[in-house]
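Working notes for the structure below.
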């Protein structure tokens, strides 16, 4: 089997990359931190919708593109590269295959805090054995401060009720797998940007008359970061293929991808912070936008320990 991207997948990815380069700059991510609840700029989101990204996994008969996860995962990596503040994984990867194209959907199928809840149109929630789809406008959401201020989280009462999307265990497990896979792809993109930023910084930053990138210790840091990233990226592509083709190993492959992507992004973030030194700790410097998103996503949809345990259990 070949996990390399096809020409069509590359073209779709590159179109998203071009869009993000124009409309989702670090300044736009910073603006998301400061926007009032419910007033996040949707310019790039509307462009993604026009491209068909939001309905990529929706069957053609229902108005979607009828494609599979191998097309969406490269786009999600590009979204990670720019720290997209919108719930693209939650909408396009998790909700759309079950409920179609329904606008901006926030979801957290396991935790109490719902990322992006304050800026969504609808919320897909797990309550007992069921998934519910709720209109945000009809809910009283309590804002919650989170490490990543661009994805404004919220909390709902435990007794909230609404229309049931599904109560099938298999459907919920599939949604959880897609959420973990999409988040793994975002983490790969985040890690790549942090690595690129660090390489550029150590090339320009000088001490003792030479670029600090020439120091052996810095080279080792960056080599370790690059190695972890290069091992994790193929695992994510493999998991996308497994999910798209409903392989018997899909659960194992997704868990392996999420564990490796989480570990790689966390490692790249630590190395980036070390190589940047004091400037990396400042909120004025863009690194923190990507580092804090990494901290949030590496623990979302199951952290590395959870997925490593799952891989171990499935190998028995």
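In this note's numbering, the protein residues as written are -5 to 310.
Ideal Cβ placement from N, Cα and C applies to all residues, glycine included.
Which listed residue (the options) has its alpha carbon closest to that of residue i
i, options, result
"residue 301", "270, 24 and 247", "247"
"residue 161", "103, 140, 226 and 296", "103"
"residue 38", "52, 55, 54 and 11", "11"
"residue 148", "173, 275, 32 and 272", "32"
"residue 214", "164, 111 and 265", "265"
"residue 189", "222, 298 and 163", "222"
"residue 108", "78, 145 and 72", "145"
"residue 166", "123, 193, 152 and 197", "123"
"residue 249", "299, 66 and 131", "299"
"residue 170", "135, 252, 218 and 308", "252"
"residue 17", "276, 201 and 36", "36"
"residue 201", "232, 241, 218 and 269", "269"
"residue 41", "55, 13 and 30", "13"
"residue 51", "44, 45 and 66", "66"
"residue 277", "105, 141 and 30", "141"
"residue 53", "95, 216, 154 and 3", "95"
"residue 45", "133, 28, 29 and 5", "5"
"residue 281", "204, 192 and 306", "192"
"residue 254", "304, 240 and 272", "304"
"residue 239", "194, 168, 217 and 203", "168"
"residue 30", "101, 204, 216 and 143", "143"
"residue 28", "139, 217 and 204", "139"
"residue 34", "81, 15 and 43", "81"
"residue 243", "306, 203 and 271", "306"
Supposed contact pair residue j and residue i - C-beta distance, whole angstroms, cut 8 Å
i, j, result
"residue 182", "residue 230", "6 Å"
"residue 99", "residue 85", "4 Å"
"residue 297", "residue 256", "6 Å"
"residue 135", "residue 150", "6 Å"
"residue 93", "residue 47", "With a Cβ gap of about 16 Å, residue 93 and residue 47 do not count as contacting."
"residue 226", "residue 175", "With 8 Å as the limit, residue 226 and residue 175 do not qualify as a contact, their Cβ atoms being about 13 Å apart."
"residue 137", "residue 110", "12 Å between Cβ atoms; not a contact."
"residue 131", "residue 79", "That belief does not hold up - the Cβ atoms of residue 131 and residue 79 are roughly 20 Å apart, past 8 Å."
"residue 74", "residue 179", "7 Å"
"residue 284", "residue 187", "5 Å"
Chain-order list of residues whose beta-carbon lies under 6 Å from that of residue i (same chain, five-residue window excluded)
i, result
"residue 177", "83, 291, 294 and 295"
"residue 157", "127"
"residue 172", "87 and 88"
"residue 120", "103"
"residue 185", "223, 258, 259 and 262"
"residue 206", "196, 199 and 212"
"residue 309", "none"
"residue 267", "274"
Own chain residues within Cβ distance below 7 Å of residue i, not counting five before or after
i, result
"residue 97", "115 and 116"
"residue 219", "189, 261, 262 and 265"
"residue 279", "273"
"residue 106", "149"
Same chain only: Cβ atoms within 8 Å of residue i, ignoring 5 sequence neighbours per side
i, result
"residue 228", "-3"
"residue 3", "64, 65 and 68"
"residue 7", "-1, 68, 69, 71 and 72"
"residue 216", "189, 192, 193, 196, 207, 265 and 269"
Assess, as a yes-or-no matter, whether the stretch 281 to 291 is touched by the stretch 203 to 210 under the definition of 3 or more beta carbon pairs within less than 8 Å.
no
What residue ranges within the stretch 32 to 67 form continuous alpha helix (DSSP H) runs of no fewer than 4 residues, ordered along the chain?
Runs found: 37 to 45.
Three or more C-beta pairs closer than 8 Å, one from the stretch 53 to 60 and one from the stretch 16 to 28: is that the case here?
no
Closer than 8 Å is the cut-off here; do at least three beta carbon pairs connect the stretch 102 to 117 with the stretch 78 to 93?
yes
Curious, which full-length beta strand (DSSP E) runs of at least 3 residues does the stretch 188 to 239 contain?
none
Hey, which unbroken runs of the beta strand (DSSP E) at 3 residues or more fall wholly within the stretch 150 to 183?
158 to 160
List, from N- to C-terminal side, the beta strand (DSSP E) runs of 3 residues or more that fit wholly inside the stretch 95 to 138.
99 to 102, 116 to 121, 124 to 129 and 136 to 138
At which residue ranges does the stretch 268 to 296 contain complete alpha helix (DSSP H) runs of 4 or more residues, listed in the order of the chain?
281 to 292
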